[in-house]
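Please read the structure below before turning to the comments.
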Amino acid sequence: MNIQSRIEEKLLSHFAPAYLEVVNESHQHNVPVGSQSHFKVVLVSSSFDGERLINRHRAVNAVLREELAEHIHALALHTYTDSEWRGLYGGAPDSPDCLGGLKRKAS
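Each residue of the sequence shown is one higher than the one before, starting from 0 at the first, in numbering that gives the first Met the number 0.
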């Protein structure tokens, strides 16, 4: 199993998130092609309710202790409660209007 999948699996299991995004950002750094060492995590979970940011990050770091010790060089964390996430984004964004089919503008 690759590192990104392991991160996703552990965070899904531990936090039961409303939203989870794990992005391998290794290609943006001076590392060999195919590296899995730099990640960004966006995690929305009700388990963060009432927790300060530092405690949220500590909780994620504890879950990923092994990966941080052995594989991950950098981990950017963006942790939100459900209400913070809704306040920022209001839920899933609307899909754009379709311009295909009969609604396509004449050229």
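For every residue, glycine included, the Cβ atom is placed at its ideal position computed from N, Cα and C.
**Prompt:** At a cut-off of 7 Å, is residue 43 close to the ligand ADP when judged by its beta-carbon and the heavy atoms of the ligand?
**Reply:** As presented, the structure is devoid of all ligands, the ligand ADP included, so that no description of it is given.
**Message:** Can you find the residues in the same chain that come closer than 7 Å, C-beta to C-beta, to residue 66, ignoring five residues on each side of it along the sequence?
**Reply:** Numbered from 1 along the sequence shown, position 67 holds the residue referred to as residue 66. So the list reads 2, 5, 6, once near-sequence residues are dropped.
**Asked** What is the rounded straight-line gap between the Cα of residue 83 and the Cα of residue 54?
**Response** The count along the sequence shown starts at 1 and reaches residue 83 at position 84. The count along the sequence shown starts at 1 and reaches residue 54 at position 55. Taking the straight line from one Cα to the other gives about 16 Å.
**Asked** Terminal residues of the continuous beta strand (DSSP E) containing residue 77?
**Response** The residue given as residue 77 occupies position 78 in the sequence shown. Residue 77: member of the beta strand (DSSP E) spanning 73–79, first to last residue.
**Prompt:** Around the C-beta of residue 10, are 16 or more other C-beta atoms found within 10 angstroms, so that it is buried, or is it exposed?
**Reply:** Here the question's residue 10 lines up with position 11 in the sequence shown. By the 10 Å Cβ count, residue 10 comes out buried.
**Prompt:** Where DSSP assigns a beta bridge to residue 18, which residues make up the other side?
**Reply:** Mapped onto the sequence shown, residue 18 falls at position 19. According to DSSP, which records beta bridges pairwise, residue 18 is partnered with 43.
**Prompt:** If you measure from the beta carbon of residue 45 to each beta carbon in chain D, is any gap under 8 Å?
**Reply:** Absence of chain D from the displayed structure is noted, only one protein chain being present.
**Asked** What residues in its chain sit with their C-beta under 6 Å from that of residue 18, if we drop five residues either side in the sequence?
**Response** Within the sequence shown, the letter at position 19 stands for residue 18. Closer than 6 Å at the Cβ level, and outside the excluded window around residue 18, lie 43.
**Prompt:** Do you know whose CA, among 76, 85, 81, 72, lies nearest residue 16's CA?
**Reply:** Walking along the sequence shown from the start, residue 16 turns up at place 17. Answer by Cα proximity: 81.
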